[in-house]
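There are 2 protein chains.
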Amino acid sequence: MSAAPPTAPSPGSPSVTPIAATDAEIRAVAYDEDGLVPAIVQEAETGQVLMFAWMNEDALRRTLETGRTWFWSRSRQEYWCKGETSGDRQYVRAAYYDCDMDVLLFVVEQEGRGACHTGERSCFFRAFGGDAEPGPV
Amino acid sequence: MSAAPPTAPSPGSPSVTPIAATDAEIRAVAYDEDGLVPAIVQEAETGQVLMFAWMNEDALRRTLETGRTWFWSRSRQEYWCKGETSGDRQYVRAAYYDCDMDVLLFVVEQEGRGACHTGERSCFFRAFGGDAEPGPV
Chain A
1 MSAAPPTAPS PGSPSVTPIA ATDAEIRAVA YDEDGLVPAI VQEAETGQVL
51 MFAWMNEDAL RRTLETGRTW FWSRSRQEYW CKGETSGDRQ YVRAAYYDCD
101 MDVLLFVVEQ EGRGACHTGE RSCFFRAFGG DAEPGPV
Chain B
1 MSAAPPTAPS PGSPSVTPIA ATDAEIRAVA YDEDGLVPAI VQEAETGQVL
51 MFAWMNEDAL RRTLETGRTW FWSRSRQEYW CKGETSGDRQ YVRAAYYDCD
101 MDVLLFVVEQ EGRGACHTGE RSCFFRAFGG DAEPGPV
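Protein chains in written order, with the numbering used here: chain A, 1 to 137; chain B, 1 to 137.
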């Protein structure tokens, strides 16, 4: 087993790929009156929408620089890095912004069980109308 | 040009499939202090995330009942049915809510050019770091 660089938390973990966004791009995002922007997280391999959370400018910057997803918790008023406690880490493969620059989309490689704290792979595991499908796509 | 029934805007349009959600399910959604909930729209066939908008309880109810996506415009303070003007309609195939019941995900059949007012298929057509890819998945 060879020594892993600091950016690879454990042997066999996915590689970390920072995204070279410009400062102008990051500042051009239309943050809301609380300085936040919605962030959708989608799994690269399956296309499944895994979760939704909020970022501020610094969380976005951390996400692009570290290649891991960072969010701002509105309830706890603190930053959190997805999977830092659970091990269910997300490695960013692409980062998009929408036409109005007020919503973000991250395509990730999901490590571990999945994105949801319940143990489900996606947070969107329940359907209106009692559909028993485990999730979209 | 023959007269089309109200639920089938044009010959050859996708079928409309209302979703039989219960009133309890719709009322159980955790709307924010403005009565709104984020709604992600994903294309059924490709898994591509098409757009993001906001719904209130009535927009959600209309969406499930009509099988077309309805949103609440925060800027115009009015309901809008996706594609009603442009013809780029969305036909709901499944509707999910997340673990906290405060975010919705609609899997749709997208009619016309796509979801974005720019003419792009997805609103998320630009990537941080200048990636030239047309969009995820």
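Ideal Cβ placement from N, Cα and C applies to all residues, glycine included.
In whole angstroms, what separates the C-alpha of residue i from that of residue j?
{"i": "Ala59/B", "j": "Thr69/B", "result": "8 Å"}
{"i": "Val141/B", "j": "Trp80/B", "result": "Here chain B covers residues 1 to 137 and nothing more, so residue 141/B does not appear."}
{"i": "Thr7/B", "j": "Glu57/B", "result": "With a pLDDT of 48 at Thr7/B, under the threshold of 50, the modelled position of that residue is not reliable, and the figure given next carries that caveat. Cα to Cα, Thr7/B sits roughly 22 Å from Glu57/B."}
{"i": "Glu33/A", "j": "Gly12/B", "result": "44 Å"}
{"i": "Ala115/B", "j": "Glu45/B", "result": "14 Å"}
{"i": "Met51/B", "j": "Asp98/A", "result": "8 Å"}
{"i": "Gln48/A", "j": "Glu43/B", "result": "11 Å"}
{"i": "Glu120/B", "j": "Gln90/B", "result": "15 Å"}
{"i": "Gln77/A", "j": "Ile26/A", "result": "21 Å"}
{"i": "Pro134/B", "j": "Asp88/B", "result": "Summary for Pro134/B: the model assigns pLDDT 48, below 50, so the residue's position carries little reliability; its value from the coordinates is reported in the next sentence. Distance between the alpha carbons of Pro134/B and Asp88/B is about 19 Å."}
{"i": "Ala24/A", "j": "Gly35/A", "result": "16 Å"}
{"i": "Asp15/A", "j": "Ser73/B", "result": "Reading off the sequence, residue 15/A comes out as Ser, not Asp. Taking the straight line from one Cα to the other gives about 40 Å."}
{"i": "Gln110/B", "j": "Ser122/A", "result": "23 Å"}
{"i": "Lys82/A", "j": "Ala39/A", "result": "13 Å"}
{"i": "Phe71/A", "j": "Phe71/B", "result": "26 Å"}
By alpha-carbon positions, which one of the options ends up nearest to residue i?
{"i": "Arg62/A", "options": "Pro18/A, Glu120/A and Pro14/A", "result": "Pro18/A"}
{"i": "His117/B", "options": "Leu105/B, Glu84/B and Met55/B", "result": "Glu84/B"}
{"i": "Gly129/B", "options": "Met55/A, Met101/A, Ala95/A and Leu105/A", "result": "Ala95/A"}
{"i": "Trp54/A", "options": "Gln90/A, Glu25/A, Leu105/A and Arg89/A", "result": "Leu105/A"}
{"i": "Gly67/A", "options": "Val108/A, Glu25/A and Ser122/A", "result": "Val108/A"}
{"i": "Tyr31/B", "options": "Ser122/B, Arg126/B and Asp100/B", "result": "Asp100/B"}
{"i": "Arg126/A", "options": "Gln110/B, Phe71/B and Ala21/B", "result": "Ala21/B"}
With a Cβ-Cβ cutoff of 9 Å, do residue i and residue j count as a contact?
{"i": "Phe124/A", "j": "Val103/B", "result": "yes"}
{"i": "Leu64/A", "j": "Val41/A", "result": "no"}
{"i": "Ser75/A", "j": "Gly112/A", "result": "no"}
Identify whether residue i lies in helix, strand or coil by the three-state DSSP scheme.
{"i": "Pro134/A", "result": "Its pLDDT being 48, under 50, Pro134/A is placed unreliably in this model, and the coordinates cannot settle the point."}
{"i": "Glu57/A", "result": "helix"}
{"i": "Arg27/B", "result": "helix"}
{"i": "Gln78/B", "result": "In the sequence on display, residue 78/B carries Glu and not Gln. The answer is strand: DSSP assigns Glu78/B an E or B state."}
{"i": "Arg62/A", "result": "helix"}
{"i": "Phe128/A", "result": "helix"}
{"i": "Ser73/A", "result": "strand"}
What are the partner residues of residue i, as DSSP defines its beta bridges?
{"i": "Met51/A", "result": "Val41/A"}
{"i": "Glu109/B", "result": "Tyr91/B"}
{"i": "Ser15/A", "result": "Ser15/A pairs with nothing; no bridge assigned."}
{"i": "Arg68/B", "result": "Tyr91/B"}
Spell out whether any CB of chain C is found under 9 Å from the CB atom of residue i.
{"i": "Tyr97/B", "result": "Annotation note: the requested chain C is absent from the structure, which comprises protein chains A and B."}
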